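Enquirer: Sharing a structure with you now.
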Amino acid sequence: MTPKEKERLIRRIWIVITYVVLLTFALVYLMPFIRSLVASFMTWAQASRYPPEWIPNPFTLENYQKLFRLELFPRWIRNTALYAGLIVAGNVMFTSMAGYAFARLKFPGRDVIFSALLSLLMIPMFVTLVPNYIIIYKLGLIDNIFGLALLGITNVSSIFLMRQYFMSLSNEIFEAARLDGCGPIKAFFYIALPLAKPALGAVAVYQFLGSWNAFIGPLIFLRSPENFTLPVGLSFAFQRAMWTEYTPIIAGSLVASAPTIILFLVLNKYLIRGIVVTGGKG
Amino acid sequence: MFSSFSFYEKARNKEIVAGLSLISIAVILNIVFGYFAMMFALYLSFFKWDYIGEMQFVGLKNFEIVIRDLIRGLHGAPYLLSPFYTGLKNILIYTAIVVPVQTFLAIVLAAFANQKIKGQQFFKVSYFLPATTSSVIVALIFIWLFMKNGFINFALAHIIPGFQPIDWINSREYLLLAIAIVAIWGTSGHFMVSFLAAMQAIPKEIYEAAMLDGAGPIRRFFFITIPMLRPMIVYVVVMGLIGALQMFDLAWVMAGANGGPGGAGYTVALDIYNEAFTRIRPGVAAAKSWFLFAIIFTTTYLFQKKYGRAMR
Amino acid sequence: MARVLLKNVTKKFGNVIAVNKLNLEIKDGEFMVLLGPSGCGKSTTLRMIAGLETPTEGEIWIGEQLVNEIDPTKRNTAMVFQSYALYPHMTVFGNIEFPLKMARVPKQERIKKVKEVAEFLGISELLNRKPSELSGGQQQRVALARALVREPEVFLLDEPLSNLDAKIRTQMRFELKKLLSYELKITTIYVTHDQVEAMTMADRIAVMNRGVLQQVGTPDEIFYKPSNTFVATFVGSPPMNLIEGEILKKDNKVIFDAGEFSLELPEDVGIEGKAVLGFRPQHVQIAKEEKAGFVRGKILGIEKLGVESYGHVTYGNLEIVIQLPEEVGSNITEVYWKPKEDRIYIFDSKTKKLVYG
Ligand SMILES: Nc1ncnc2c1ncn2[C@@H]1O[C@H](COP(=O)(O)OP(=O)(O)OP(=O)(O)O)[C@@H](O)[C@H]1O
Ligand SMILES: [Mg+2]
């Protein structure tokens, strides 16, 4: 073998190894979803068989039907959607306002207030959990989706993201608007907000993912099963052994994660880029 | 000459009013649920209370309860007598497994993916998918996969010769490991994508120069990629530490609020929850949360002090 | 139409004095160019006139009105920015309409005015496009339209051509001048650091340096009567050569003695002793052989700019630039040169002010 042939061979082997590793791990990451999807159409007897089977036989929708026969389940979907909707709407509205003010307007204490907000990111949520429970309790908003949402509608990360975005816009546009007769508020509605669509989209998507998947907050601030969100409801259903089989839980898990998975699949290019840029969901 | 109401002053005042009103809601809510809550937590930690009756000042008693718990635990008291110690021990073991493994795995996978290969987006999407799913949902699915006659035992039996099926969820020895595996599965892919982006941001010229200097792919990885990734590694480790030390969701579902068999899956976060909402001792819960804060702060601070500040 | 008057205008940013005691009058309908190097305070001056910055001291008059306390939108000025600052989310129509909308002009009138302006600037076909779908030159015209639609009395432009490539720039230079000076006859203040733009467009040029006004005058005055060494070297390309020396009076003759050579001045320049001699590279006599009164210089390099070529020539420890005749080849190593006596300038060596020329 000439050195050149040898080099080519090594490269080939290396490429094969790369694909084997990457595909193996892709399988590791995807397998639970695939297994669940298949099993959600099986009877529990078949889904729990050893060795595992892959083709639902008999094919059954019984698991999904069981889910929706439980009156609570559709309520949980509605609650989760309401909670996510409130969080997304609140963040889009309030953090774009705050981000714009911090980035574009001059007022006394601006930078101090902003750093004070940023420092809150360092505080673990468990420190403020009990006091916030008491505050919400005193407000009479325990077991109320609106009370729960109150805690999350002005997320500091969203404010930070919006501020960064508004700072990146050109000064001249805002000066031109000033000369065209826009005061600070008009400039927000006519110029800043329409230009911020990408950032608003990012905030909306992250907040949607976060609130749809949220657990600790809903667990603590919602008390009665009919007010639960999907994650809390499903873990409740599991712990109370609402079904003797496990397959409805699997089906419920799939239903609960479908919106976020579909959203991710549709937006994967933007989301992956954005999440990398802003440093992740946690 | 300049009247006290010149247009500049008017414009400035208008801007101040606009600025303060625009931030008002965000600032008020964050002050109430952030700063006020924090001070309230500090206040609470010196009181005995049951949410309803009078608050009773007890000095440092609540902190003493935590310390006694730790001391008892160190002397080998059973888990029910030293819940905080048990949670802390578990969470430290758990962190020591999860953070290094997920970081390492993420780097290695990113290095493999960072080549001229087809289907990169497919790999990114499939690796990232777990991160878009609620940890509770993930845990529920994994409980089933971890069952004694479940898929994971089946897969392992095929890979490791002579492997005996384990009852992961109901076993004292394996429960924490099972939770750790789920956590690694859930976050490593997401960090891999972060690393991949950081790797792709390294200028190609540096690699080309190294190639001309005769460095092979392995040496290029260790002498260029790793040092250039350092800020990202620090960031991933710090985020990993913060997440792992507060772990709650997975344990709640997979081990239950009481930590499963022998408290094998008990965590500090579960313990804070239990103090506040089952044992009804908000003061002790607050004291414990300060301990948790101190632990998170110290570990992330020490790590960043040693390896440089986290950068995105 | 209106004149603009700046009285003792000063602007400080903390310790930085961006504009220092500026006095300047821009006459009604005049095209005034503010010229100067980067950071000299041109933009700051313009922005104070527009109302985007407050003067620290001094008065700004537009027409018969002191505008220091008047809101930018009520000053009857319009500004065109370097980046054009078009609103990317609005169509061309929306951009031009925006100032009218903010001024609460009724819809029908707005449409009429926008159409008129668009017609006038030849951008009627572009009204439904977004700014990102336009070329640089078209964006420029939209920016002009947005400024014009307010029917301003004073037009302010901050380096409006610097984002265009060289070819369109020359064309737009002419168009802008035609539009503003000949068709609209509007008072215009135009900021640039490009002397060619200044020389070709201005009725008068105001040269600034480090926040201080150096000279105001017609392009000819600025070029032929630079008031000090800064203006002399800033305007003209390549820059004027400056040589230090002494002025002596001998036998009724006035002589500039530079050490290496001496030059008889055509008349008394009014000072004696140390002085600075200035002459443009184009105003030099050249000889290929040694000649009385000529200075020998080694050629360090030759820059050929088409027809003209300039030689960098040693002069003692210094280097000067002179224009070489067309016929000189690129292989000569030495020339003999001498400034043309009737085209020289003498500057005071301390104040750097022009004393003769
Ligand atoms: N907002 C500001 N804050 C602090 N200093 C400023 C500010 N604006 C301008 N300056 C300073 O004032 C001086 C003049 O700036 P100006 O923008 O007027 O210069 P310029 O002549 O327009 O330069 P250029 O040709 O680069 O645009 C500079 O030293 C600049 O750094
Ligand atoms: Mg400027």
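Chains as they are written, first to last, in the numbering used here: chain A, 28 to 309; chain B, -14 to 297; chain C, 59 to 415.
Quick reminder that beta carbons are idealized off the backbone N, C-alpha and C, glycines included.
For clarity, every value in this text was computed on a predicted model and none was experimentally measured.
From the DSSP secondary-structure annotation, give me the bridge partner or partners of K133(B).
Expert: For the purposes of this step, residue 133(B) is taken as the residue at position 148 of the second sequence. The partner list for K133(B) (beta bridge, DSSP) is empty, contrary to what the question assumes.
Enquirer: Using CA atoms only, rank isn't needed, just tell me which of V172(C), Y240(C), L144(C), T228(C) is closest to Q198(C).
Expert: Mapped onto the third sequence, residue 198(C) falls at position 140. Nearest option by C-alpha distance: L144(C).
Enquirer: Sorry if obvious, but does the Cβ on S142(A) come closer than 6 Å to a heavy atom of ligand 3?
Expert: Annotation note on ligand 3: not contained in the displayed structure, which lists ligand 1 and ligand 2 as its ligands.
Enquirer: Rounded to whole angstroms, how far is the Cβ of E322(C) from the Cβ of K332(C), which I believe are closer than 8 Å?
Expert: Stepping through the third sequence from its first residue, residue 322(C) is reached at position 264. Stepping through the third sequence from its first residue, residue 332(C) is reached at position 274. The Cβ separation is near 18 Å, so there is no contact.
Enquirer: Using a cut-off of 8 Å between C-beta atoms, extract the partners of Y56(A) located in chain B.
Expert: Position 29 of the first sequence holds residue 56(A). In chain order: S111, Y112, L114, P115, W170, G174.
Enquirer: Using the beta-carbon count (16 or more within 10 Å), is M149(A) buried or exposed?
Expert: Indexing the first sequence from 1 puts residue 149(A) at position 122. Flag for M149(A) reads exposed.
Enquirer: So what does M23(B) bridge to, in DSSP terms?
Expert: As a working note, residue 23(B) is residue 38 in the second sequence. BP columns for M23(B) are empty, so no partner.
Enquirer: From the beta carbon of T131(C), is the nearest beta carbon of chain A less than 7 Å away?
Expert: Within the third sequence, numbered from 1, the residue matching residue 131(C) stands at position 73. For T131(C), the answer is yes, since a Cβ of chain A falls inside 7 Å of its Cβ.
Enquirer: What's the gap between the Cα of P286(A) and the Cα of A66(A)?
Expert: Taking the first residue of the first sequence as 1, we reach residue 286(A) at position 259. Taking the first residue of the first sequence as 1, we reach residue 66(A) at position 39. Going by the C-alpha atoms only, they are around 19 Å apart.
Enquirer: Within the present structure, is the beta-carbon of T102(C) separated from the nearest heavy atom of ligand 1 by less than 6 Å?
Expert: Start at 1 with the first residue of the third sequence, and residue 102(C) comes out as number 44. Yes, the beta carbon of T102(C) sits closer than 6 Å to at least one heavy atom of ligand 1.
Enquirer: What in chain A is Cβ-close to F213(C), meaning under 7 Å?
Expert: Walking along the third sequence from the start, residue 213(C) turns up at place 155. For F213(C), there are no C-beta contacts with chain A under 7 Å, since the nearest C-beta of that chain is about 12 Å from it.
Enquirer: Under 6 Å from any heavy atom of ligand 1, does the C-beta of S96(C) make it?
Expert: Start at 1 with the first residue of the third sequence, and residue 96(C) comes out as number 38. Yes; taking the cut-off as 6 Å, the Cβ of S96(C) has a heavy atom of ligand 1 nearer than that.
Enquirer: Which residues mark the beginning and the end of the beta strand (DSSP E) in which W395(C) is found?
Expert: The residue you call residue 395(C) lines up with position 337 of the third sequence. For W395(C), the enclosing beta strand (DSSP E) stretches over residues 392 to 397.
Enquirer: Along chain C, which residues have their Cβ under 7 Å away from the Cβ of P221(A)?
Expert: Along the first sequence, one-based indexing puts residue 221(A) at 194. Neighbours of P221(A) on chain C, chain order: H147.
Enquirer: Among E98(A), A176(A), N254(A), A226(A), which has the Cα closest to the Cα of L113(A)?
Expert: Counting from 1 along the first sequence, the entry for residue 113(A) is found at position 86. Check the Cα spacing between L113(A) and each of E98(A), A176(A), N254(A), A226(A): the tightest is with A176(A).
Enquirer: Identify whether Q123(C) lies in helix, strand or coil by the three-state DSSP scheme.
Expert: The count along the third sequence starts at 1 and reaches residue 123(C) at position 65. It is a strand residue.
Enquirer: For D216(C) versus F139(C), is the C-beta spacing smaller than 7 Å?
Expert: As a position in the third sequence, residue 216(C) is number 158, starting the count at 1. As a position in the third sequence, residue 139(C) is number 81, starting the count at 1. Cβ atoms of D216(C) and F139(C): closer than 7 Å.
Enquirer: Any Cβ of chain C within less than 7 Å of the Cβ of S210(A)?
Expert: Numbered from 1 along the first sequence, position 183 holds the residue referred to as residue 210(A). Note that residue 210(A) corresponds to Gly in the displayed sequence, not to Ser. Chain C contact via Cβ: absent.
Enquirer: Which residues bound the beta strand (DSSP E) around V293(C)?
Expert: Your numbering for residue 293(C) matches position 235 in the third sequence. Here V293(C) belongs to no beta strand (DSSP E), and DSSP marks it neither H nor E.
Enquirer: Excluding the five sequence neighbours on either side, which residues of its own chain have a C-beta within less than 8 Å of the C-beta of G307(A), listed in chain order?
Expert: Numbered from 1 along the first sequence, position 280 holds the residue referred to as residue 307(A). Residue confidence for G307(A) is low, a pLDDT of 38 falling below 50, so the modelled location carries little weight; the figure read from the coordinates is stated next. Closer than 8 Å at the Cβ level, and outside the excluded window around G307(A), lies no residue.
Enquirer: Classify I305(C) as buried or exposed, calling it buried when 16 or more other Cβ atoms lie within 10 Å of its own Cβ.
Expert: Here residue 305(C) refers to the residue found at position 247 when the third sequence is read from its first residue. Buried, by the Cβ-count rule.
Enquirer: Counting C-beta neighbours from all protein chains within 10 Å, is the total for Q266(A) 16 or more, i.e. buried, or is it exposed?
Expert: Locating residue 266(A) in the first sequence gives position 239, counting from the first residue. Exposed, since its Cβ has fewer than 16 Cβ neighbours within 10 Å.
Enquirer: Is it right to say F278(B) is buried, meaning 16 or more other beta carbons lie within 10 angstroms of its own, or is it exposed?
Expert: Within the second sequence, the letter at position 293 stands for residue 278(B). With 16 or more Cβ atoms within 10 Å of its Cβ, F278(B) is classed as buried.
Enquirer: Span of the alpha helix (DSSP H) holding E83(C)?
Expert: Along the third sequence, one-based indexing puts residue 83(C) at 25. First-last for E83(C): 74 to 84, but that is the beta strand (DSSP E), not the alpha helix (DSSP H).
Enquirer: Does the Cβ of F71(C) lie closer than 6 Å to at least one heavy atom of ligand 1?
Expert: By one-based count along the third sequence, residue 71(C) stands at place 13. Because some heavy atom of ligand 1 lies under 6 Å away, the Cβ of F71(C) counts as near it: yes.
Enquirer: Do we get a CB-CB distance below 7 Å when we pair I281(B) with the residues of chain A?
Expert: In the second sequence, counting from the first residue as 1, residue 281(B) sits at position 296. Yes, I281(B) counts as interfacial toward chain A.
Enquirer: Using C-beta distances below 8 Å, list every residue in its chain close to I243(A), excluding the 5 sequence neighbours before and after it, in chain order.
Expert: To locate residue 243(A), count along the first sequence from 1; it is residue 216. Excluding positions up to five away in sequence, the list reads M152, L156.
Enquirer: Within a Cβ cutoff of 7 Å, which residues of the same chain sit near L179(C), ignoring the five residues on either side of it in sequence?
Expert: Here residue 179(C) refers to the residue found at position 121 when the third sequence is read from its first residue. Cβ within range, chain order: R199, L202, A203.
Enquirer: Taking all protein chains shown into account, do 16 or more other C-beta atoms lie within 10 angstroms of the C-beta of T409(C), making it buried, or fewer, making it exposed?
Expert: Taking the third sequence and counting its residues from 1, one reaches residue 409(C) at position 351. Exposed.
Enquirer: Counting along the chain, where does the alpha helix (DSSP H) carrying I92(B) start and finish?
Expert: Working through the second sequence from its first residue, we reach residue 92(B) at position 107. First-last of the alpha helix (DSSP H) with I92(B): 68 to 98.
Enquirer: Look at the alpha carbon of A183(B) and the alpha carbon of A140(B), and state the distance between them as a whole number of angstroms.
Expert: In the second sequence, residue 183(B) corresponds to position 198, counting from 1. In the second sequence, residue 140(B) corresponds to position 155, counting from 1. So the alpha carbons of these two residues sit roughly 33 Å apart.
Enquirer: Distance, Cα to Cα, I118(C) vs V62(C)?
Expert: The residue you call residue 118(C) lines up with position 60 of the third sequence. The residue you call residue 62(C) lines up with position 4 of the third sequence. The straight-line gap from Cα to Cα measures roughly 7 Å.
Enquirer: If you drop the 5 nearest sequence neighbours on each side, which residues of the same chain put their C-beta closer than 6 Å to that of F215(A)?
Expert: Residue 215(A) sits at position 188 when you count from the first residue of the first sequence. Once the five neighbours on either side are set aside, the close Cβ partners of F215(A) are Y127.
Enquirer: Would you call P161(C) buried or exposed, if buried means 16 or more other Cβ atoms sit within 10 Å of its Cβ?
Expert: Walking along the third sequence from the start, residue 161(C) turns up at place 103. The residue you asked about is not Pro; residue 161(C) is Ala in the sequence shown. Answer is exposed; the Cβ neighbour count stays below 16.
Enquirer: Nearest chain B C-beta to I218(A) closer than 7 Å, yes or no?
Expert: On the first sequence, position 191 is the one that residue 218(A) refers to. It does not; no Cβ of chain B falls within 7 Å.
Enquirer: If you measure between the beta carbons of A76(C) and K69(C), is that distance less than 7 Å?
Expert: Your numbering for residue 76(C) matches position 18 in the third sequence. Your numbering for residue 69(C) matches position 11 in the third sequence. Yes; because the gap between Cβ atoms is below 7 Å, this pair is in contact.
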